[in-house]
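Asker:
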Amino acid sequence: MPATRRLSALFLTCLGLLAGCASAPAHLPIVDPGSANGRSETILIATTRVPSPDPDIRLTTLRGALSFARADVWVPANRLAGEINYPSARVDPQREFALTRYQADIGRREFSALLDQQLSALPLVERQVFVFVHGFNTPYSDGLYLNAQILNDFGVNTVAVHYAWPSAGQITAYLHDRDSAQFARDGLADLLETVANSPSVSVTILAHSMGALVTMEAMRQLSLQGRTDILAKIDPVILASPDIDYDVFLNQLAAINPPPRHMTVVVSNRDQALLVSDTLSGGGRARLGIGARQDALIERGIAILDLSELTDGTLIGHTDFAASQTLMQLAASGALSHAFNGETSQDRIAAPSSLADIAGRIIRLPLRALGEN
49 MPATRRLSAL FLTCLGLLAG CASAPAHLPI VDPGSANGRS ETILIATTRV
99 PSPDPDIRLT TLRGALSFAR ADVWVPANRL AGEINYPSAR VDPQREFALT
149 RYQADIGRRE FSALLDQQLS ALPLVERQVF VFVHGFNTPY SDGLYLNAQI
199 LNDFGVNTVA VHYAWPSAGQ ITAYLHDRDS AQFARDGLAD LLETVANSPS
249 VSVTILAHSM GALVTMEAMR QLSLQGRTDI LAKIDPVILA SPDIDYDVFL
299 NQLAAINPPP RHMTVVVSNR DQALLVSDTL SGGGRARLGI GARQDALIER
349 GIAILDLSEL TDGTLIGHTD FAASQTLMQL AASGALSHAF NGETSQDRIA
399 APSSLADIAG RIIRLPLRAL GEN
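So the mapping is simple: the working numbering equals the position in the sequence shown, first residue as 1, plus 48.
#1: Is Q7 helix, strand or coil by DSSP?
#2: Rounded to the nearest angstrom, what separates V262 and F116 at their Cα positions?
#3: Could you check how far apart the C-beta atoms of D293 and H366 are, in whole angstroms? I think they sit under 8 Å.
#4: Mark P135 as exposed unless 16 or more other C-beta atoms lie within 10 angstroms of its C-beta, in which case mark it buried.
#5: By Cβ distance, which residues of its chain are closer than 7 Å to L415, with the 5 residues on each side in sequence left out?
#6: Taking C-beta to C-beta, are G425 and A212 nearer than 8 Å?
#7: What residue range does the beta strand (DSSP E) around G365 cover?
#8: According to DSSP, is D227 helix, strand or coil?
#9: Any idea if D368 is buried or exposed, counting beta-carbon neighbours within 10 angstroms, 16 or more meaning buried?
#10: Would you report the Cα separation of A196 and E89, rounded to the nearest angstrom?
#11: Buried or exposed, going by whether 16 or more other CB atoms sit within 10 Å of the CB of A137?
#12: Checking 8 Å against the spacing of the C-beta atoms, do P99 and D153 come in under that value?
#13: May I ask you to verify whether the stretch 258-276 touches the stretch 175-189, counting CB pairs closer than 8 Å and requiring at least 3?
#14: Does the beta-carbon of T276 have 16 or more other beta-carbons within 10 angstroms, so that it is buried, or is it exposed?
#15: Suppose you measure from the CA of I93 to the CA of T108; what does that come to, to the nearest Å?
#16: Looking at the unbroken beta strand (DSSP E) that takes in R157, where does it start and where does it end?
#17: How many whole angstroms separate the CB atoms of I286 and V314, which I take to be in contact at a CB cut-off of 8 Å?
#18: Output the boundary residues of the alpha helix (DSSP H) element that contains V296.
#19: Where R87 and A74 are concerned, what is the direct C-alpha to C-alpha distance, given to the nearest angstrom?
#20: By a C-beta neighbour count over all protein chains shown, 10 Å radius and 16 as the cutoff for buried, is V209 buried or exposed?
#21: Just reading off the alpha helix (DSSP H) that S136 is part of, what are its end residues?
#22: Thinking just about the alpha-carbon of each residue, which of L76, G235, T374 and M311 is nearest to the one in E347?
#23: Suppose the cutoff is 8 Å on Cβ atoms and the five residues either side in sequence are ignored; what does the same chain contact list for S160 look like?
#24: Is it the case that the Cβ atoms of S257 and D234 are separated by a distance below 8 Å?
#25: Please report the Cβ distance between L345 and I410, rounded to the nearest whole angstrom; I am assuming they are in contact, meaning their Cβ atoms lie under 8 Å.
#26: Going by other Cβ atoms of all chains shown within 10 Å of its Cβ, with 16 needed for buried, is S401 buried or exposed?
#27: Return helix, strand or coil for N421, following the three-state DSSP convention.
#28: Here's the rule: buried if 16 or more other CB atoms are within 10 angstroms of the residue's CB, otherwise exposed. What is D326?
#29: For D102, count neighbouring Cβ atoms within 10 angstroms of its own Cβ and tell me buried if that reaches 16, exposed if not.
#30: Could you check what DSSP says for G408 in three-state terms: helix, strand or coil?
#31: Look at V322 and I304 and say whether their C-beta atoms are less than 8 Å apart.
#32: Comparing C-alpha positions only, which one of Q269, L272 and I253 sits nearest to D283?
#33: Identify, in the order they occur along the chain, each residue of the same chain with its Cβ nearer than 8 Å to the Cβ of T52, setting aside the five sequence neighbours on each side.
#34: Take the Cβ of D104 as the centre, count every other Cβ of all protein chains shown within 10 Å, and call the residue buried at 16 or more, exposed below.
#35: Throw me the rounded Cβ distance for the N85 and N133 pair, which I believe falls under 8 Å.
#36: Kindly give me the distance between the Cβ atoms of L147 and D120, rounded to whole angstroms, as I take these residues to be in contact under 8 Å.
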């Protein structure tokens, strides 16, 4: 079979997998969970989506000015870790995600006040902000539920902020989303300035898929503006399944000064979504999240978390960073943090040896990080 036909066949196969997993955006009902087992995750929201009067949608796919909101997202206990059960027409809080509270368009001053209030309730050393930037083909509701699932299943006990940029939420709208990602960088830079001016000790960014492009562009813009005060507070930066051209990423990274002290790129050679992205981008242009050029990244001080061998995530492999139960076990046991700290001796790791071995295999550290320990 000629190379062009093989490429077309691969593209159609991958697109079929993606389309098969696509669904209508989940709705956002407010429920009283009553005696159901679970917990509400409080998430502060910054968005460049235009608001919708429809309470089932709340935010449209249209591009707009930066605005703010607050949501308490119900995460049921009766489910498999990594699983998101979207709300049905009659919500069952025993097993389905939903909202328990929502405040729309709260204004920048109230957003900052809520941020400061939540941070002040934490011990000084724990005053961290966790900013999640969703990826391509993500309706507002789906991104919010994914954020809550990550907070719950990985035990993230910091102040959570969700950046909702105007993805079209459609498989076929790749070019639209890539333009929207460029549009959204200003809003994220604005949000990071607001968060950096809070009493936080540090700001963690977790950016997924095309959200990594938004994040790198925002940080590059802050650097060009000389906002070293903001960049100095951002640590670490985690790019999960980043949908960025490899060469574009290197140019972005070179322009960010100071560079992130700790940056991790989460990769997988099983990521079918990034294979489709590569095809849509012309083919042969390696996406960063495939992990094909790890040595060059490590030389630039970037850590690699390679999920290729973890097969308990999703069929497509694009959200394994959030869905893999093995990864959750690694995080909960301490094996992941020990491995990132360069601690490989068994007498320094309380986790079972099997988990420590997995962590040692899937994490590659730059020499700079190894020298810090």
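Here a beta-carbon is modelled for each residue, glycine too, at the ideal position from N, C-alpha and C.
Remember, it's a predicted structure, so these values are computed and weren't measured experimentally.
Answerer: By the coordinates alone:
#1: Residue 7 falls outside the range modelled here, since the chain spans only 49 to 421, and no answer is possible.
#2: Per the coordinates, the alpha-carbon of V262 lies some 18 Å from the alpha-carbon of F116.
#3: About 17 Å separates the beta carbons of D293 and H366, which is beyond the 8 Å limit, so they are not a contact pair.
#4: With a threshold of 16 other beta carbon atoms within 10 Å, P135 meets it and is buried.
#5: Cβ neighbours of L415 beyond the five flanking positions: none.
#6: Here the chain comprises residues numbered 49 to 421, so residue 425 is not present and cannot be evaluated.
#7: That residue, G365, is in no beta strand (DSSP E); it is neither H nor E in DSSP.
#8: Three-state result, D227: helix.
#9: The C-beta of D368 has 16 or more other C-beta atoms within 10 Å across all chains shown, which makes the residue buried.
#10: Taking the Cα positions, A196 is about 6 Å away from E89.
#11: A137 sits exposed, since fewer than 16 C-beta atoms from the chains shown fall within 10 Å of its C-beta.
#12: Remark: C-beta atoms of P99 and D153 approach each other more closely than 8 Å.
#13: The answer is yes - the stretch 175-189 touches the stretch 258-276, with three or more Cβ pairs under 8 Å.
#14: Under this definition T276 is an exposed residue.
#15: Distance from the CA atom of I93 to the CA atom of T108, rounded to whole angstroms, is 14 Å.
#16: Counting along the chain, R157 falls outside any beta strand (DSSP E), though it belongs to the alpha helix (DSSP H) covering R156 to S168.
#17: With a Cβ gap of about 7 Å, I286 and V314 count as contacting.
#18: In the DSSP annotation of this structure, the continuous segment of the alpha helix (DSSP H) that includes V296 starts and ends at Y294 to A303.
#19: Whole-angstrom Cα-Cα distance: 19 Å.
#20: Residue burial annotation: V209 is buried, with at least 16 other C-beta atoms found within 10 angstroms of its C-beta.
#21: Here S136 belongs to no alpha helix (DSSP H), and DSSP marks it neither H nor E.
#22: With respect to the C-alpha of E347, the residue from L76, G235, T374 and M311 having the closest C-alpha is M311.
#23: Cβ within range, chain order: T242, N245 and S246.
#24: No, these two residues do not count as a Cβ contact at 8 Å.
#25: Rounded to whole angstroms, the Cβ separation of L345 and I410 is 15 Å, and the two are not in contact under 8 Å.
#26: By the 10 Å Cβ count, S401 comes out exposed.
#27: No answer about N421 holds up, because its pLDDT of 48 lies below 50 and its placement is not dependable.
#28: By the 10 Å Cβ count, D326 comes out buried.
#29: Exposed: under 16 other Cβ atoms inside 10 Å.
#30: In this structure, DSSP gives G408 a helical state, which the three-state scheme calls helix.
#31: Note that residue 322 is Leu in the sequence shown here, rather than Val. Not a contact, by the Cβ cut-off of 8 Å.
#32: The residue among Q269, L272 and I253 with its C-alpha nearest the C-alpha of D283 is I253.
#33: Caution is warranted here: a pLDDT of 48 is assigned to T52, below 50, making its placement in the model unreliable, and no coordinate value can be reported.
#34: By the 10 Å Cβ count, D104 comes out exposed.
#35: Actually they are not in contact, since the Cβ atoms of N85 and N133 sit about 14 Å apart, beyond 8 Å.
#36: A Cβ-Cβ separation of about 6 Å places L147 in contact with D120 under the 8 Å criterion.
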